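Since the structure comes first, as structure tokens, the remarks are kept for the end.
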Amino acid sequence: MIIDIKNLGGVHLKKNFWLLGLLLLVLSIFLVACGADKTDGDNSSSSNTDNTDNADNTDDGNEETSSKPQILVFGRGGDSVSLDPAIVTDGESFKVTQNLFETLLNFGEQDTTIHPGLATKWDISDDGLTYTFELQQGVKFHDGTDFNAEAVVKNVNRWKGGTEEDFYYFNSMFKAEGQDIITDVKAEGDYTVVFTLSRPQAPFLKNLAMSPFGIASPTAFEASGDKFGDDPVGTGPFKFVEWKRNDSITIEKFADYWQDGLPKLDKVIFRSIPDNSARLNALTANEIDLADGINPSDGANIESNANLQLIERPSMNIGYLGLTSTRKPFDNKLVRQAVNYAIDKQGIVDAFFEGRAQVAKNPMPPSISGYNDDIEGYPYDPEKAKALLAEAGYDGTPIELWAMPVPRPYMPDGAKVAEVIQKNLADIGMPAKIVTYEWATYLDKAKDGEADAFMLGWTGDNGDADNFIYTLLDEDNIGSNNYSYFKNAETHKLLIQAQSETDEDVRIELYKKAQEIIHDEAPWVPLAHSTPLLAAKAEVKGFLPHPTGSDKLLNVSIE
3 MIIDIKNLGG VHLKKNFWLL GLLLLVLSIF LVACGADKTD GDNSSSSNTD
53 NTDNADNTDD GNEETSSKPQ ILVFGRGGDS VSLDPAIVTD GESFKVTQNL
103 FETLLNFGEQ DTTIHPGLAT KWDISDDGLT YTFELQQGVK FHDGTDFNAE
153 AVVKNVNRWK GGTEEDFYYF NSMFKAEGQD IITDVKAEGD YTVVFTLSRP
203 QAPFLKNLAM SPFGIASPTA FEASGDKFGD DPVGTGPFKF VEWKRNDSIT
253 IEKFADYWQD GLPKLDKVIF RSIPDNSARL NALTANEIDL ADGINPSDGA
303 NIESNANLQL IERPSMNIGY LGLTSTRKPF DNKLVRQAVN YAIDKQGIVD
353 AFFEGRAQVA KNPMPPSISG YNDDIEGYPY DPEKAKALLA EAGYDGTPIE
403 LWAMPVPRPY MPDGAKVAEV IQKNLADIGM PAKIVTYEWA TYLDKAKDGE
453 ADAFMLGWTG DNGDADNFIY TLLDEDNIGS NNYSYFKNAE THKLLIQAQS
503 ETDEDVRIEL YKKAQEIIHD EAPWVPLAHS TPLLAAKAEV KGFLPHPTGS
553 DKLLNVSIE
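Residue numbers for the sequence shown follow the working numbering, beginning at 3 and rising by one.
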């Protein structure tokens, strides 16, 4: 049957069919869209389920812990003097710079054996006058410039060209009798450096591994001049961020550090908290994560606290009372000896170190090769002290007794120990006024010979006797690390000979003889060799305290 659309209404019927078709098309699109929405909704539901699982993980701390910044807050006793390692002598400065700069050679993790650092290997000539170092490649300074042989040469020339007043350590370790031990340093290619010495130096490699000889960016120190210590640039695992004077120093992970996977921490904040007890309180209150300068009397309590850990630093130090031999009455050897007899060293150790120190008798600790154990030391004998003062003609003129303003590893409470010494001196008729200064000022003024008697100490830099006796008591170092201004021709001859002697047995005998002379001349009252204490939260892992007191934090993490 043929239907004639035109006869059935023509235009109106055609229009209705067109509308119906359009309606069916729209409906089909709508249904397809609904199906798509349903499918997307199912996927979204699955995604939400995954997110819920992730949220549960976050609640458990798993994902949050993995992404949470690793920040260590290190409480310490005082502020740094400068962050230019080449010009400082204080441990508070090296505590920071050790993590900003690296040296050609490294010490062992908890000893002073020599290992590769920025130098991968080295060769020594038969005559001991030429040292050739092959350098690590692919290392960047924090400012993006390249570490290479030329950078090493520029650093050494900077140290050599600096004044003795500014570059204390270089002049202490690499000069003798006014002569440079390092006569030349040159680059042979991009990654080979050759040092030429004027004479053999037995502790040369150990000296290069010391914190003061961290390699700095030449670009940075040439641009900054004497302000380099305010904005330091090295190759270390951390780079400098901010310094709030007498409050905190912040350093952060260096993203382009050359050792893969290190450091583990993202940031370290060094906080200055001068009082030992306040620092421990900050630790227990979770305000800091790690604290040094722990009072020995607090050791047992920390050990019994499951939330904390007590850490002992290997001992390599000396705390002493220096007697400036160019100032009256200490320009008289008999007076210096009298003060040695007057001070109750055992009483000080018993009262302030809680069994974590031993009485000192020599200017270096027993752990150092060359220590002279045959020396008996000065016993506590006030009557002998009075007799020596009378023999010396001492007239009772008061002296100034300088007390350290900050706790140090070798002296946990300088102010209280000073009070004991003051009482001991009063007992023999020597009035003493206790004075102190801000830490950097204290060091500067004592270095300049302005103190009568001063409390100070030393933590060894490299484990060698030279770093104690020559650095602290030789005439070459008057005005730098020889704060007592002690000068003796015989000890000078022995110490210079010991520096150049490669036979260790001969060196030992030379140092023992030097200690005998120093004991008799008495430029110091050696007080104690301590076992310094630190404390940390139980969650702090991988911290290994170094006997030098300069701790590397690149392997430290927080659980």
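Virtual Cβ for every residue (Gly too), placed ideally from N, Cα, C.
Computed from a prediction, not measured in an experiment: that's the story for all the values here.
- Taking the Cα positions, D375 is about 49 angstroms away from T221.
- Counting only residues of its own chain and dropping the five nearest sequence neighbours on each side, A394 has a CB closer than 8 angstroms to the CB of P331, N334, L336, V337, A340.
- Only exposed fits T122, as fewer than 16 other CB atoms lie within 10 angstroms of its CB.
- Fully enclosed beta strand (DSSP E) runs of no fewer than 3 residues occupy 116-118, 121-126, 132-137 of the region 110-152, in order along the chain.
- Of the residues assessed, E541 falls on the exposed side of the cut-off, its CB having fewer than 16 other CB atoms within 10 angstroms.
- By a beta-carbon distance limit of 8 angstroms, T237 contacts F149. Their separation comes to about 5 angstroms.
- By the Cβ-count criterion, L264 is exposed, with fewer than 16 other Cβ atoms from all chains shown falling within 10 Å of its own Cβ.
- P234 sits buried, since 16 or more C-beta atoms from the chains shown fall within 10 Å of its C-beta.
- With a 10 Å radius around the Cβ and a threshold of 16 neighbouring Cβ atoms, D415 comes out buried.
- The beta carbon of S82 is closer than 6 angstroms to those of E94, S95, V98 in its chain, skipping five residues each way along the sequence.
- Fewer than three pairs of CB atoms, one per stretch, sit closer than 8 angstroms, so the region 490-507 makes no contact with the region 278-287.
- A direct Cα-Cα distance of roughly 6 angstroms separates L403 from V437.
- Secondary structure within the region 311-354: the alpha helix (DSSP H) runs of 4 or more consecutive residues, fully enclosed, are 335-344, 347-354 (chain order).
- Counting along the chain, K449 sits inside no beta strand (DSSP E); it lies in the alpha helix (DSSP H) bounded by residues 441-449.
- Cα atoms of P367 and M318: separation of roughly 6 angstroms, rounded to the nearest angstrom.
- Taking the Cα of F169 as reference, the smallest distance to any Cα among V187, G77, I89 is reached at I89.
- In this structure, I313 and A537 form a Cβ contact; the two beta carbons are roughly 7 angstroms apart against a cut-off of 8 angstroms.
- As computed with DSSP, G459 is found in a beta bridge with G321.
- The beta carbons of G80 and W526 sit no closer together than 8 angstroms.
- Taking a cut-off of 8 angstroms on C-beta distances, the region 182-192 touches the region 154-163, as three or more cross pairs fall below it.
- The Cβ neighbour count for R247, taken over all protein chains shown within 10 Å, is under 16; the residue is labelled exposed.
- The beta carbon of G301 sits closer than 8 angstroms to those of L312, E356, R358, L535, all from its chain and outside the five residues before and after it, given in chain order.
- For the pair F76 and L106, the CB atoms are not nearer than the 8 angstroms cut-off.
- Residue state for N374 is assigned as coil, using DSSP reduced to three classes.
- By the criterion of a C-beta distance shorter than 7 angstroms, D192 is surrounded in its chain by N150, A151, once the five residues flanking it on both sides are discounted.
- Under the DSSP assignment, Q424 falls in the alpha helix (DSSP H) whose first and last residues are 416-429.
- Secondary structure at Q499: helix, using DSSP grouped into helix, strand and coil.
- D86 is the residue among K539, Q139, D86 whose C-alpha sits nearest the C-alpha of D232.
- Pairing A287 with L310, the inter-Cα distance amounts to about 11 angstroms.
- Bridge partners of T194 according to DSSP: E136.
- For V243 and K269, the gap between their C-alpha atoms comes out near 9 angstroms.
- Under the 10 Å beta carbon count, G295 is surrounded by 16 or more other beta carbons and is classified as buried.
- Between the region 461-475 and the region 511-530 there are three or more inter-stretch CB-CB distances shorter than 8 angstroms, so the stretches are counted as touching.
- By the beta-carbon neighbour count (other beta carbons within 10 angstroms, threshold 16), K70 is exposed.
- For T252, the beta-bridge partners assigned by DSSP are E244, I271.
- When DSSP states are grouped into helix, strand and coil, T185 belongs to the strand group.
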